[in-house]
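Each remark here refers to the structure printed beneath this line.
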Amino acid sequence: NFFTRNVCQYDYKNYPIRFVGSLAYSYATILREVAREFGIELEIIEETPMNGLIEFHSLNIEEP
């Protein structure tokens, strides 16, 4: 099972679970349903990594 092998092996109760990629985005409804069966709430499912990268770097800008 995908969730047992790829998600449950991590400390998912203490860290947000996020998926990135066109397949995850296309199957977001199914991913969320299966995650709920495992008692996992998914935080974000992004189609591409660009939005997350922009957000991360805009929040972590160091002033000279």
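Position 22, counted from 1, in the sequence shown is what the UniProt record's numbering calls 22; the numbers after and before it change by one each time, with no gaps.
Ideal Cβ positions, reconstructed from N, Cα and C, are used throughout, including at glycine.
Note that the coordinates shown come from a computational prediction; the quantities given were computed from them, not determined experimentally.
- Query: Where DSSP assigns a beta bridge to Ile-45, which residues make up the other side?
  - Reply: Looking at the DSSP assignment, Ile-45 forms a beta bridge with Phe-19.
- Item | Proximity of Ala-35 and Glu-41 at Cβ, strictly below 8 Å | Yes, the Cβ-Cβ distance between Ala-35 and Glu-41 is below 8 Å.
- Message: Considering only the alpha carbon of each residue, which of Leu-31, Pro-49 and Gly-39 lies closest to Gly-21?
- Response: Pro-49
- Message: Quick check on Ile-45: buried or exposed, where buried means 16 or more other Cβ atoms within 10 Å of its Cβ?
- Response: buried
- Item | Between the CA atoms of Ala-24 and Asn-6 - distance to the nearest angstrom | Roughly 13 Å between the two C-alpha positions.
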